[in-house]
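Numbers 26 to 480, taken from the numbering used here, label the letters of the sequence shown in order. Quick reminder that beta carbons are idealized off the backbone N, C-alpha and C, glycines included.
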Amino acid sequence: MIERLVVFGATGDLNARYLLPGLAALRAAGHLGDGFRLVCADRKDWDDEGFRGWVAEQLDRHAGSSPADARRWVARATRFQRADATDPTDLASLITGDGPVALYFALPPAVFPGAVTALRGAGLPPGSRIVLEKPFGENLADAQELNRLLSEVVPEQAVFRVDHFLAMTTVQNLLGSRLANRVLEPLWNSAHISEIEIVWDESLALEGRAGYYDGVGALKDMVQNHLLQVLCLVAMEPPLSLGERDLRDRKIDVLRSVRPLTDEDVLRRTRRARYLAGRIGDRRVPAYVDEDGVDPRGRTETFAEVELQLDSWRWSGTTFRLRSGKALKDDRKEVAVRFRPVPHLPFGHSGEAVPNVLRFGLDPESVTLALTGIGSGPQTLTPLTMTAQMEPADLPAYGRLLLDVLRGDAALSIRGDEAEEAWRVLTPVMSAWSNDLVPLEEYPAGSGGPAPRDG
Ligand SMILES: NC(=O)C1=CN([C@@H]2O[C@H](COP(=O)(O)OP(=O)(O)OC[C@H]3O[C@@H](n4cnc5c(N)ncnc54)[C@H](OP(=O)(O)O)[C@@H]3O)[C@@H](O)[C@H]2O)C=CC1
Ligand SMILES: O=C1O[C@H](COP(=O)(O)O)[C@@H](O)[C@H](O)[C@H]1O
Numbered sequence: 026m027i028e029r030l031v032v033f034g035a036t037g038d039l040n041a042r043y044l045l046p047g048l049a050a051l052r053a054a055g056h057l058g059d060g061f062r063l064v065c066a067d068r069k070d071w072d073d074e075g076f077r078g079w080v081a082e083q084l085d086r087h088a089g090s091s092p093a094d095a096r097r098w099v100a101r102a103t104r105f106q107r108a109d110a111t112d113p114t115d116l117a118s119l120i121t122g123d124g125p126v127a128l129y130f131a132l133p134p135a136v137f138p139g140a141v142t143a144l145r146g147a148g149l150p151p152g153s154r155i156v157l158e159k160p161f162g163e164n165l166a167d168a169q170e171l172n173r174l175l176s177e178v179v180p181e182q183a184v185f186r187v188d189h190f191l192a193m194t195t196v197q198n199l200l201g202s203r204l205a206n207r208v209l210e211p212l213w214n215s216a217h218i219s220e221i222e223i224v225w226d227e228s229l230a231l232e233g234r235a236g237y238y239d240g241v242g243a244l245k246d247m248v249q250n251h252l253l254q255v256l257c258l259v260a261m262e263p264p265l266s267l268g269e270r271d272l273r274d275r276k277i278d279v280l281r282s283v284r285p286l287t288d289e290d291v292l293r294r295t296r297r298a299r300y301l302a303g304r305i306g307d308r309r310v311p312a313y314v315d316e317d318g319v320d321p322r323g324r325t326e327t328f329a330e331v332e333l334q335l336d337s338w339r340w341s342g343t344t345f346r347l348r349s350g351k352a353l354k355d356d357r358k359e360v361a362v363r364f365r366p367v368p369h370l371p372f373g374h375s376g377e378a379v380p381n382v383l384r385f386g387l388d389p390e391s392v393t394l395a396l397t398g399i400g401s402g403p404q405t406l407t408p409l410t411m412t413a414q415m416e417p418a419d420l421p422a423y424g425r426l427l428l429d430v431l432r433g434d435a436a437l438s439i440r441g442d443e444a445e446e447a448w449r450v451l452t453p454v455m456s457a458w459s460n461d462l463v464p465l466e467e468y469p470a471g472s473g474g475p476a477p478r479d480g
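Okay, structure coming up:
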């Protein structure tokens with residue numbers, strides 16, 4: 026296990042809200058020993074003591090469920106170094122030392138190529154690993170170039186293109202439910218399933234993240250990575266094992282089976298929109314274009330929806346709808362599997378046999394199956410709902426990812442060819458949207474999103 030972690034972008038939102046709390050959870054669970062060292066690097070001027078104070082504050086705010094001694098321990102194990110991730114000299118001074126190091130680039134994606142290039146002459150110790158956040162580049166050409174640059178520095182096994190959705194226990198549970206039960210897999214195909222919706226609707230708005238989000242938008246922030254990864258787990262063939270090769274081979278099959286979207290498909294099967302001013306509960310939210318740091322001339326979408334078809338024996342005829350938006354009325358974060366109606370109802374009945382829906386709640390976690398049964402009267406059809414609450418995860422998603430990085434288990438990280446394939450799926454959408462072939466719709470913050478289309 027690697028015992029040295031260097032985080033670039035250390036004063037950013039990701040480190041404060043997820044990486045530091047992940048480390049506190051790992052310490053509390055006994056996964057980090059006293060030899061572990063954390064170096065936080067950023068372009069700002071801090072000294073160790075000042076930065077440790079900031080770490081302690083962030084942990085109080087975002088890791089309140091971890092024991093206080095684990096939080097204090099993380100703050101004490103931290104050192105701060107001012108560094109530009111794209112400067113070879115800064116990088117070299119950070120990575121010198123005994124033994125391998127894990128380098129976590131918690132940086133805006135535009136900085137990745139410069140940072141990886143700077144690593145070339147920096148003398149990375151053998152056995153070191155590189156972690157890159159999503160999105161992996163900003164388009165297919167970027168991803169190919171980034172893969173090429175990475176291959177000059179470390180072997181593929183040492184590259185962790187992380188996607189924290191894969192480490193959520195609720196997302197993992199998609200595989201658990203499918204593969205550890207006899208009842209689902211025989212029905213898991215287009216003969217029985219008409220549509221699968223993968224939805225991540227957030228009531229959160231921009232939350233001060235314009236520096237990263239503006240110009241990226243909902244399609245590249247959520248659909249291209251997190252939601253396509255969830256699609257892979259939902260639609261893949263059962264892998265031989267959950268080892269990195271078997272799992273990732275089956276995931277890339279799904280991406281390769283996505284039917285390429287034509288311009289006509291993009292028009293009919295995709296939507297993009299942006300929020301206007303509104304109210305979410307008791308919060309007033311400004312229009313996206315009036316948020317701090319947003320370029321009002323830009324055309325960044327805060328809502329994206331894409332409908333895909335898979336050309337495979339199992340899925341031909343099922344629609345997959347991927348959707349994510351910010352500043353919406355309700356949080357709705359789930360995978361909804363909609364079954365086809367029964368072929369015949371042998372009742373002179375009243376009431377309706379609503380098609381079954383199996384819902385995997387991703388946050389909060391739950392599994393719900395909507396069935397139809399007989400109600401109080403004879404032959405009266407009535408909805409029946411079965412719900413299971415899940416055990417809380419023993420580690421938060423970022424705790425699990427960091428542990429995988431330190432231990433060298435790449436199964437939940439995205440392989441280079443997968444990262445490229447994911448861009449290929451959405452390239453026609455990005456190109457049509459950038460040419461304004463699909464209108465940029467609007468919705469008030471606190472609403473359900475853009476109004477349904479006619480027809
Ligand atoms: N925040 C979140 O909820 C999540 C974020 N991510 C991913 O994490 C990454 C970072 O996002 P986030 O933390 O939100 O972004 P932030 O904008 O909050 O933080 C980015 C940090 O990177 C620093 N930085 C930029 N360029 C350099 C450089 N050349 N050298 C050193 N530091 C630099 C910035 O410092 P400066 O102020 O000097 O520019 C800033 O501290 C993105 O790839 C994002 O997709 C993934 C999942 C969730
Ligand atoms: O990666 C991201 O994910 C979050 C949603 O995931 P969560 O675990 O933070 O709830 C999303 O809000 C953010 O825009 C995106 O960058």
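Neighbourhood of P138 by C-beta distance below 7 Å, restricted to the same chain and skipping five residues each side: If you number the sequence shown from 1, residue 138 lands on position 113. Only E170, L171 and L174 meet the Cβ criterion.
Whose C-alpha, out of D419, A102, F372 and L132, is nearest the C-alpha of T397? Taking the first residue of the sequence shown as 1, we reach residue 397 at position 372. Comparing alpha-carbon positions, the option among D419, A102, F372 and L132 lying closest to T397 turns out to be F372.
Residue span of the beta strand (DSSP E) that contains M411, given as start and end: Start at 1 with the first residue of the sequence shown, and residue 411 comes out as number 386. Per DSSP, M411 belongs to the beta strand (DSSP E) from L406 to Q414.
Considering just the uninterrupted stretch of the alpha helix (DSSP H) at I277, what are its terminal residues? Working through the sequence shown from its first residue, we reach residue 277 at position 252. Looking at the DSSP string, the run of the alpha helix (DSSP H) that includes I277 is E269 to S282.
What does a CB cutoff of less than 8 Å around V80 pick up in its chain, not counting 5 residues either side in sequence? Along the sequence shown, read from residue 1 onward, the residue named residue 80 stands at position 55. So the qualifying residues of the chain are L45, C65, V99, A100 and T103.
Just mark L353 as buried or exposed, buried being the case when its beta carbon has 16 or more other beta carbons within 10 Å. Position 328 of the sequence shown, counted from the first residue, corresponds to residue 353. Flag for L353 reads buried.
Which residue from F185, S118 and G148 puts its Cα closest to that of R432? The residue given as residue 432 occupies position 407 in the sequence shown. Out of F185, S118 and G148, F185 has the C-alpha closest to the C-alpha of R432.
In whole angstroms, what is the alpha-carbon distance linking G318 and D307? By one-based count along the sequence shown, residue 318 stands at place 293. By one-based count along the sequence shown, residue 307 stands at place 282. Approximately 23 Å between the Cα atoms of the pair.
Within the chosen definition, does the segment 239-247 reach the segment 448-460 through at least 3 CB pairs nearer than 8 Å? In the pairwise beta carbon analysis, the segment 239-247 is classified as touching the segment 448-460: at least three pairs are separated by under 8 Å.
For a quick check, are the C-beta atoms of W225 and L116 less than 9 Å apart? Stepping through the sequence shown from its first residue, residue 225 is reached at position 200. Stepping through the sequence shown from its first residue, residue 116 is reached at position 91. No, Cβ-Cβ distance for W225 and L116 is not below 9 Å.
DSSP three-state assignment for G350, whether helix, strand or coil: Numbered from its first residue, the sequence shown carries residue 350 at position 325. If DSSP states are grouped into helix, strand and coil, G350 belongs with the strands.
If you measure from the CB of K358, is any heavy atom of ligand 1 nearer than 8 Å? Your numbering for residue 358 matches position 333 in the sequence shown. No, Cβ of K358 sits at least 8 Å from all heavy atoms of ligand 1.
Close Cβ partners of P321 (< 6 Å) along its chain, the five nearest in sequence each way excluded: As a first step, residue 321 must be located in the sequence shown, where it is residue number 296. These residues qualify, in order along the chain: V314.
Decide yes or no for the touch test of the segment 374-384 against the segment 401-408: beta carbon pairs closer than 8 Å, at least 3 of them. The count of Cβ pairs closer than 8 Å, one atom from the segment 374-384 and one from the segment 401-408, reaches three, so the stretches are in contact.
For I120, write down the residues that DSSP places opposite it in a beta bridge. Residue numbering aside, residue 120 sits at position 95 when the sequence shown is read from its first letter. Bridge partners of I120: none, in fact.
Tell me whether the segment 206-219 and the segment 179-197 touch, counting them as touching only if at least three CB pairs, one residue from each stretch, are closer than 8 Å. no
Near I203, what residues of its chain come up, given a Cβ to Cβ distance below 7 Å and the 5 sequence neighbours on each side ignored? Here the question's residue 203 lines up with position 178 in the sequence shown. Reading off the sequence shown, one finds Arg at residue 203, where the question assumed Ile. Hits under 7 Å: L209, E210 and W213.
Are the beta-carbon atoms belonging to T111 and A143 less than 9 Å from one another? Taking the first residue of the sequence shown as 1, we reach residue 111 at position 86. Taking the first residue of the sequence shown as 1, we reach residue 143 at position 118. Yes, these two residues count as a Cβ contact at 9 Å.
I need the boundaries of the alpha helix (DSSP H) containing L128, first residue and last residue. In the sequence shown, counting from the first residue as 1, residue 128 sits at position 103. It is not in any alpha helix (DSSP H) - L128 instead sits in the beta strand (DSSP E) that spans A127 to F130.
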